[in-house]
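Novice: Please read through the structure below; I'll follow up with questions.
Residue numbers (the numbering used here), protein chains in the order written: chain A, 345 to 638; chain B, 3 to 510.
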């Protein structure tokens with residue numbers, strides 16, 4: 345039997361009805377709708393959207409924010425696209441949270457296909473996969489922006505992490521504004537072109553967040569785990585060069601050659617230290633640059 | 003009158019003796035014919051010989067001249083039979099006696115002079131092996147032939163001089179070997195000319211020391227080609243035995259210039275990516291050597307590696323593994339050595355600007371995945387080191403006054419030579435020379451890891467998801483790092499450095 349919820353159905357999400365004419369007439373889904381609604385999956389929804397061309401910073405900050413937010417029981421809604429979307433889903437399932445993926449394609453397809461592992465994990469964690477298209481409908485240019493209205497419509501607030509000019513994330517934010525939902529943005533460096541859309545949203549009045557608390561406050565939830573975060577870490581004594589590297593990386597992510605020049609050590613010596621620090625989990629490498637793990 | 007003259011046929015880098023038999027008969031119709039499976043180039047030698055003799059001021063006999071190249075069941079190709087045929091005819095009509103135990107080899111020009119002919123070294127080696135004392139070759143090839151000591155090499159300028167010599171009128175000096183300029187020019191770049199790229203340079207040093215294959219990944223203009231071209235400058239020069247191996251291949255393929263001498267620097271070959279399979283591997287109807295054999299004991303640089311056709315890449319698998327290549331064609335068969343160091347370079351993505359500090363990449367995730375998949379997995383498996391070549395922002399460099407002193411190629415080369423010597427000592431009872439050639443059993447024998455180092459490597463396997471092959475590659479690289487450090491054991495920091503050059507996930 346095909347799993348579908350019609351607009352007349354009692355179980356149809358209340359928040360979506362507010363979209364009036366734009367509300368989807370049918371919602372096809374995967375997962376256990378009744379169990380999900382009973383446990384309030386649509387109560388506190390946060391849409392998380394962002395660029396497909398995610399930077400290492402985007403990945404890091406999404407993981408950090410979403411694991412805290414989802415850990416407090418907020419449902420993360422996104423579009424299952426690679427980049428920030430997938431990262432948000434992934435961070436949620438990693439902390440065992442619930443997440444809803446809105447597909448731009450028919451309910452029987454997984455798009456993009458190679459994220460099938462994430463697809464399974466979402467369902468395993470009692471999340472939902474939703475699409476307004478039936479069967480094997482192939483995603484088209486217009487189905488992506490239409491999908492975005494459901495992402496925005498299901499959520500009380502929309503968080504934009506990284507967005508370029510004229511990006512799909514801005515379309516989602518525009519829907520959120522139209523439906524009178526809150527828009528949060530994560531600030532990024534002005535030099536990056538995936539910050540342009542963010543800057544535009546800030547100018548238009550979106551709220552800048554500086555931590556997960558800003559979002560949790562909006563939903564009226566206290567973050568209990570916050571206080572004991574730092575105390576768990578055992579400080580290990582560090583060598584001089586490790587301290588130097590940490591200090592440099594706190595300022596900005598750097599490539600190995602830049603670290604070698606700054607420290608006036610050979611690439612071989614720096615390479616040894618970086619390999620060891622990386623295996624200890626103190627730093628990580630992304631797109632050639634080393635970042636501090638926090 | 004019947005004359006028999008010694009010459010040779012070069013099949014690949016093997017040489018067999020060929021008897022050139024000439025019979026000039028007074029009876030019968032005047033004719034000049036060559037028999038004995040002569041190829042087109044040999045057949046054409048009739049006209050060259052006739053004209054050269056005429057232009058040397060000697061009348062060409064209007065008699066029945068039959069030339070036989072024995073053994074008659076081997077196809078002969080090349081222009082080297084001009085001289086023996088001409089000498090045979092001249093000996094018949096001018097009635098001079100040819101010296102015993104001699105070998106003639108060379109191409110004639112229409113005016114009677116001798117031209118530089120490929121394969122002179124091979125015939126000289128054959129002469130020495132068979133106890134032939136005198137070898138007559140074109141003057142411009144005489145130096146090449148006289149690399150072989152213990153035989154008399156006569157560099158002949160033209161037919162007139164040679165007949166004069168045999169008639170006792172003129173003299174031909176025995177050729178003495180003289181070292182001339184090398185076939186390969188000095189490297190285009192010195193390592194000290196390259197700004198930044200500290201890690202890439204270090205990786206080049208490790209690759210050169212252990213003979214490891216390496217892949218350089220970076221945006222256009224980042225300096226991949228420059229690094230590769232500077233590589234010959236840090237490689238040790240060839241050993242005597244290696245030199246001869248390389249020179250033989252170059253001699254067989256006609257790559258030694260006139261007056262050329264033995265090749266002492268490492269060959270550096272960089273074919274364009276439009277190369278055909280035969281061009282790279284070797285073959286053709288005459289089973290000639292390809293670029294991989296010409297790069298024997300040297301560097302094969304494949305720029306824009308993903309652009310090479312898949313079939314060409316795959317064809318390199320066996321030669322890389324074995325260092326030896328057998329080419330079989332219907333009419334020819336040849337075995338060439340091909341123990342080379344592969345240096346490949348690639349862009350990080352189709353547009354080339356992934357990770358570029360200023361330009362942004364326009365490739366989608368999928369395009370990048372597709373691009374990286376173009377390089378054959380089995381070939382990547384045989385590449386030990388993978389290194390990023392970032393764009394160097396030269397403006398940043400000019401600001402930075404406390405620039406690290408940049409080493410020149412010669413200083414790096416000294417360390418490489420030391421490391422190579424350690425390896426030679428280690429493998430003196432094995433059939434290999436470098437760490438890169440180690441098989442798994444040899445890795446177990448020669449690369450004992452300390453407890454600390456082993457723990458680190460296991461931890462890395464866990465967190466980076468390293469394959470079994472990557473595991474062994476890391477150990478081989480660490481062995482070379484330890485050799486550069488002049489350390490007997492592979493220590494923790496050697497493994498840690500080797501891990502820098504591991505294959506990174508989702509990238510080439």
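Even for Gly, the Cβ is constructed at its ideal location relative to N, Cα and C.
Would you be able to state if there are at least three C-beta pairs under 8 Å between the segment 444-463 of chain B and the segment 494-501 of chain B?
Specialist: Cβ pair count under 8 Å is three or more, so yes.
Novice: With a CB to CB cut of under 8 Å and the five nearest residues on each side skipped, what residues in its chain are close to residue 306 of chain B?
Specialist: 275, 347, 348 and 349
Novice: Are residue 148 of chain B and residue 109 of chain B close, meaning C-beta to C-beta below 8 Å?
Specialist: no
Novice: Per DSSP, what kind of secondary structure is residue 95 of chain B in: helix, strand or coil?
Specialist: Helix at residue 95 of chain B.
Novice: Between the segment 86-102 of chain B and the segment 117-131 of chain B, are three or more C-beta pairs nearer than 8 Å?
Specialist: no
Novice: Please check the pair residue 429 of chain A and residue 384 of chain A, which I expect to be a contact at CB under 8 Å, by giving their CB distance rounded to whole angstroms.
Specialist: The Cβ separation is near 23 Å, so there is no contact.
Novice: Taking Cβ positions, are residue 483 of chain B and residue 202 of chain B nearer each other than 8 Å?
Specialist: no
Novice: Quick one: what's residue 271 of chain B bridged to in DSSP?
Specialist: B/302
Novice: Suppose only complete runs of 4+ residues qualify. What are the alpha helix (DSSP H) ranges in the segment 486-510 of chain B, listed by chain order?
Specialist: 494-500
Novice: Determine, using beta carbons only, whether residue 344 of chain B and residue 302 of chain B come nearer to each other than 8 Å.
Specialist: yes
Novice: Would you call residue 492 of chain A buried or exposed, if buried means 16 or more other Cβ atoms sit within 10 Å of its Cβ?
Specialist: It is buried - the Cβ of residue 492 of chain A has at least 16 other Cβ atoms within 10 Å.
Novice: List, in order along the chain, the chain B residues whose C-beta lies closer than 8 Å to that of residue 347 of chain A?
Specialist: Those do not exist, as residue 347 of chain A stays about 29 Å from chain B at its closest Cβ, beyond 8 Å.
Novice: Buried or exposed: residue 351 of chain A, going by 16 or more other Cβ atoms within 10 Å of its Cβ?
Specialist: exposed
Novice: Would you say residue 347 of chain A and residue 374 of chain A are within 8 Å of each other, going by their C-beta atoms?
Specialist: yes
Novice: Can you find at least 3 beta carbon pairs, one from the segment 97-116 of chain B and one from the segment 72-79 of chain B, that sit closer than 8 Å?
Specialist: At 8 Å Cβ cutoff, the stretches do not touch.
Novice: Under 8 Å: do the segment 371-390 of chain B and the segment 470-480 of chain B share three or more Cβ pairs, one atom per stretch?
Specialist: yes
Novice: Taking only three categories from DSSP, how would you classify residue 445 of chain A?
Specialist: strand
Novice: Please report whether the beta-carbon of residue 412 of chain B lies at a distance below 8 Å from any beta-carbon of chain A.
Specialist: no
Novice: Check each residue of the segment 417-432 of chain A: if its Cβ is closer than 9 Å to any Cβ of chain B, include it; give the result in chain order.
Specialist: For the segment 417-432 of chain A, which is checked against every Cβ of chain B, the residues closer than 9 Å are 426 and 427.
Novice: With a cut-off of 8 Å on the beta carbons, I'd call residue 264 of chain B and residue 245 of chain B a contact; round off their distance for me.
Specialist: The Cβ separation is near 5 Å, so the contact holds.
Novice: For residue 460 of chain A, report the span of its beta strand (DSSP E) as first-last.
Specialist: No beta strand (DSSP E) holds residue 460 of chain A; the alpha helix (DSSP H) holding it covers 460-468.
Novice: Given this structure, state the Cα-to-Cα distance separating residue 454 of chain A from residue 562 of chain A, to the nearest angstrom.
Specialist: Rounded to the nearest angstrom, the two C-alpha atoms are 33 Å apart.
Novice: Is there a C-beta anywhere in chain A that falls below 8 Å from the one on residue 403 of chain B?
Specialist: Confidence is the limiting factor: at residue 403 of chain B the pLDDT is only 48, short of 50, which leaves the residue's position unreliable and the question unanswerable from this model.
Novice: For residue 198 of chain B, go through chain A and note every residue whose CB falls closer than 8 Å to its CB, in chain order.
Specialist: 601 and 605
Novice: Which runs of the alpha helix (DSSP H) spanning at least 4 residues fall entirely within the segment 156-191 of chain B, listed in chain order?
Specialist: 161-168
Novice: How would you call residue 638 of chain A, buried or exposed, if buried means at least 16 neighbouring beta carbons within 10 angstroms?
Specialist: exposed
Novice: Tell me where the beta strand (DSSP E) around residue 338 of chain B begins and ends.
Specialist: 335-339
Novice: Who are the near neighbours of residue 70 of chain B in its chain, counting only those whose CB is closer than 7 Å to its CB and skipping five residues on each side?
Specialist: 23, 37 and 38
Novice: Just the C-alpha distance for residue 162 of chain B and residue 35 of chain B, rounded to the nearest angstrom, thanks.
Specialist: 23 Å
Novice: On the CB-based measure, 16 or more other CB atoms within 10 Å of its CB, does residue 247 of chain B come out buried or exposed?
Specialist: buried
Novice: What residue does the alpha helix (DSSP H) around residue 382 of chain B start on, and which one ends it?
Specialist: 379-383
Novice: Would residue 227 of chain B be called buried (16 or more neighbouring beta carbons within 10 Å of its own) or exposed?
Specialist: Residue 227 of chain B is classed as buried because its beta carbon has at least 16 other beta carbons within 10 Å across all chains shown.
Novice: Compare the C-beta of residue 616 of chain A against all C-beta atoms of chain B and say whether one is closer than 8 Å.
Specialist: It does: the Cβ of residue 616 of chain A has a partner Cβ on chain B nearer than 8 Å.
Novice: Relative to the C-alpha of residue 103 of chain B, which residue among B/13, B/155, B/164 and B/284 is closest?
Specialist: It is B/155 whose Cα lies nearest to the Cα of residue 103 of chain B.
Novice: Here's the rule I'm using: 16 or more other beta-carbon atoms within 10 Å means buried, otherwise exposed. How should residue 414 of chain A be labelled?
Specialist: buried
Novice: Give the residues of chain B in contact with residue 612 of chain A, contact being defined as C-beta atoms less than 7 Å apart.
Specialist: 204 and 499
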